[in-house]
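Notes to accompany the following structure.
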Amino acid sequence: MSVYFYVHYFPAHEPPVQNGVVRAVHGLVSSLAKCGEAITLLSEGPQTEQIQTATGYQHRCFANSRSHPSTHLAPDLIQFVQQRLTPQDLVILNGGFHLNVYALAKLLKQHNIPYVVAPHLTYDRYMFAKSRTRKYPYWYLCEKATLQNASAVQVLDQSQAIWLRRRGITTPIITVQNGFAPTDIPAKSSLSWRTNADQRAQLLFFGRLCRHIKGLDLLLEALAQFNAPNRPHLTLQGPEVGDRQILEAQTQALKIDDRVNFCSPEYASTPAAIMAQYDIVCLPSRSEGFGLTALEAMLAGRVLLVSEHAGIATHIRASGCGIVVKPNAESIHAGLVELLNCRHQWASMGLRGREYAIQHLSWQQIALAARQTYSTFTPIPPERQSASPTSNKAKWSEKALAAQR
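In the working numbering, the protein residues as written are 35 to 439.
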């Protein structure tokens, strides 16, 4: 059995830092390759390329003139699937609500090639609340079938399974978390904490400036609840996705624009190095797959405020490195007050989170577990290759889920 990973867009010659999905997939496939697995990453881009990466996996990019999500797959990718892949292989499709993933899933099903969907998001009510007039039709026309016909759905935390079940998805569910590479860890000697109460606390949100999904409007409302003299300073740093002007207008309406700073992405520095300059890293998302930002903040020894809807919330509670809140302004404000009141504990809390992450969330550990899970997959026997993949799901359910217990 060969394992393939598909991501619609994956940079061929640049460091994989542009977005969370790209970073997560790169981390997992790199570590699987180090475990001895022959991993091929499939993507689509402006030109056809085949690259052996420095971290050990092969990257095959297929030319597609359509750069935006579309049901029109790259012709060479279609040919590759038809001629090279077999029912004994396994394809991990990365992305949710994505037309290319839907189209490739249909192609794989036509050729009896099993696949796993790793959506990197949660199918909760908050995810559907934004652009609901587009998402609900897409769900019933495309997404639900893509998930239901999969051999498994790969989630980032087991708590996310409930949303799939509530939406009628009966496909087996496996858990593969996000992790970090050794190069992501800043030196312990480089870390420091502002424990002087006279110094204004520095808050950071690090990620896409998405007002609704990331809960940035809620974070601004929570910040406005502080009395002006005691109000901490907030930096929002990340790529623009169309909401920055709305957020800037909100800061002015709330009269907190003197305490909020907007910054563009800084790809020259590691996320952990950037976060080490701040006191509290905030992830107040209404909906969040895992929260790779929070993991990077743990490595930097920062204290965190994290939404209960983030997959990493389980680890924040277990490590004691921060506060888990509900995605509403009142809970976020209360969480910030609690963190500000324990300023003398920031260093010990941050170091606990750092040690916890190093012990439990390295890509090496996660890849070993994922490798075991993928190896329990039972290929489709020849006599069943023309039938529905349902019978194969049952075998996956029994073996793969038992391996995770």
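For every residue, glycine included, the Cβ atom is placed at its ideal position computed from N, Cα and C.
{"Check": "Does the distance from the CB of Leu75 to the CB of Phe114 come in under 9 Å?", "Outcome": "no"}
{"Check": "Just curious, the beta strand (DSSP E) that Val125 is in, first and last residue?", "Outcome": "Leu124 to Asn128"}
{"Check": "Throw me the rounded Cβ distance for the Tyr38 and Asp110 pair, which I believe falls under 8 Å.", "Outcome": "Not really, about 15 Å apart at Cβ, beyond 8 Å."}
{"Check": "Would you check if there are 3 or more beta carbon pairs closer than 8 Å linking the stretch 228-248 to the stretch 204-218?", "Outcome": "no"}
{"Check": "On the CB-based measure, 16 or more other CB atoms within 10 Å of its CB, does Ala258 come out buried or exposed?", "Outcome": "buried"}
{"Check": "Quick one: give me the first and last residue of the beta strand (DSSP E) that Glu83 is part of.", "Outcome": "Glu83 to Gln86"}
{"Check": "Hey, out of Gln188, Leu107 and Cys176, whose CA is closest to Asn134's CA?", "Outcome": "Leu107"}
{"Check": "If we ignore side chains and look at the alpha-carbon of each, how far apart do Lys289 and His132 end up?", "Outcome": "38 Å"}
{"Check": "Over the uninterrupted alpha helix (DSSP H) stretch that includes Ser353, give me the two end residues.", "Outcome": "Ala347 to Ser353"}
{"Check": "From the DSSP output, read off the bridge partner residues of Ala29.", "Outcome": "There is simply no residue 29 to check, as the chain begins at 35 and stops at 439 in what is shown."}
{"Check": "Secondary structure at Glu177, three-state DSSP: helix, strand or coil?", "Outcome": "helix"}
{"Check": "In whole angstroms, what separates the C-alpha of Ser422 from that of Thr204?", "Outcome": "Residue placement at Ser422 is flagged as unreliable, the pLDDT there being 48, under the threshold of 50; a coordinate-derived value is accordingly withheld."}
{"Check": "Going by other Cβ atoms of all chains shown within 10 Å of its Cβ, with 16 needed for buried, is His145 buried or exposed?", "Outcome": "exposed"}
{"Check": "Can you check which of these residues, Asp277, Gly276, Leu254 and Arg278, is closest to His267 by C-alpha distance?", "Outcome": "Leu254"}
{"Check": "Hey, out of Asp292, Gly369 and Ala184, whose CA is closest to Phe411's CA?", "Outcome": "Ala184"}
{"Check": "Based on the DSSP secondary-structure assignment, which residues constitute the bridge partners of Gly356?", "Outcome": "Leu338"}
{"Check": "Note down, in chain order, each residue of its chain lying with its Cβ closer than 8 Å to the Cβ of Ala381, except the 5 sequence neighbours on either side.", "Outcome": "Trp227, Thr229 and Gly335"}
{"Check": "According to DSSP, is Ile247 helix, strand or coil?", "Outcome": "coil"}
{"Check": "Cα-Cα, which of Leu127, Ala262 and Leu326 is closest to Glu78?", "Outcome": "Leu127"}
{"Check": "For Leu338 and Arg278, what's the separation of their Cα atoms in angstroms?", "Outcome": "23 Å"}
{"Check": "Taking 9 Å as the threshold (C-beta atoms), are Thr327 and Phe240 in contact?", "Outcome": "yes"}
{"Check": "When burial is assigned at 16 or more other CB atoms within 10 Å of the CB, is Tyr91 buried or exposed?", "Outcome": "buried"}
{"Check": "So, is Ile85 buried or exposed, given that buried needs 16 or more other C-beta atoms within 10 angstroms?", "Outcome": "exposed"}
{"Check": "Please list the terminal residues of the continuous beta strand (DSSP E) segment that includes Leu238.", "Outcome": "Gln236 to Phe240"}
{"Check": "According to DSSP, is Ala215 helix, strand or coil?", "Outcome": "coil"}
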